[in-house]
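K.L.:
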Amino acid sequence: MSGYDDQNTFARILRGEIPCDIVYENEHALAFFDINPQAPVHILVVPKGSYISIQDFTQTASAAEVEGFWAAVGEAARVDPLIDRGFRIVSNSGSDAHQEVPHFHVHILGGRPLGPILNKYRDVFDSN
Ligand code: AMP
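Numbering (my numbering), first residue to last: 254 to 381.
(1) Is the distance from the Cβ of V332 to the Cβ of S344 below 9 Å?
(2) Measure the beta-carbon distance from F310 to H281 and round it to whole angstroms, keeping in mind my assumption that it falls under 8 Å.
(3) Taking 5 Å as the limit, name every residue whose beta carbon sits nearer than that to some heavy atom of the ligand AMP, in sequence order.
(4) Which residue marks the beginning of the alpha helix (DSSP H) containing V359, and which one marks its end?
(5) Hey, could you find the ends of the beta strand (DSSP E) R341 is sitting in?
(6) Between the beta-carbon of S348 and the beta-carbon of Q308, is there less than 9 Å?
(7) Looking at L283 and V298, is the spacing between their C-beta atoms short of 9 Å?
(8) With H, G and I counted as helix, E and B as strand and the rest as coil, what does DSSP make of V354?
Okay, structure coming up:
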């Protein structure tokens, strides 16, 4: 992808340059715990390919990569207690959404009641 910054944190994690606490991995995706958890369980899932956004990912990744990524999201969300209690999936894209790391990823949040989506979204991700 043109414009992809290969020095971003998740690219460095995928290359093994920065450690992470792996939850699940398959051929096309890696799931690991967020370093600054915003809920008792906070997991990130990233595709192994170099994609900035979901549009970039869905337009340019292969069908196998897209399938493998979403399968990994489902597998990562099997961790206790999410499978029993429920969880939320969030993906920030671009500046309005406060995307900090320019490598497409989804957050899986759970382990406590998360409240209505927009209120909790503001609570969890917007410091303003
Ligand atoms: P976003 O704002 O959607 O781009 O979220 C980026 C997320 O990456 C934040 O929740 C950070 O806490 C998380 N993060 C940043 N660096 C690391 C790291 N080295 N390991 C795990 N998570 C990280």
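Beta carbons: idealized from backbone N, C-alpha and C, even for Gly. Values in this document were obtained by computation on a predicted structure and should not be read as measured data.
P.N.:
If we stick to the structure as given:
(1) The Cβ atoms of V332 and S344 do not sit closer than 9 Å to each other.
(2) Distance from F310 to H281 at the Cβ level is roughly 11 Å; contact not present, criterion being Cβ atoms closer than 8 Å.
(3) That gives T262, D287, I288, N289, N345, Q352, E353, V354.
(4) In the DSSP assignment, V359 falls outside any alpha helix (DSSP H) and lies within the beta strand (DSSP E) extending over 359-363.
(5) It spans 340-343 - the beta strand (DSSP E) in which R341 sits, taken as one unbroken run.
(6) Cβ distance not < 9 Å, so S348 and Q308 don't count as in contact.
(7) Contact annotation: V298 and L283 have beta-carbon atoms nearer than 9 Å.
(8) Judged by DSSP in its simplified three-state form, V354 adopts coil rather than helix or strand.
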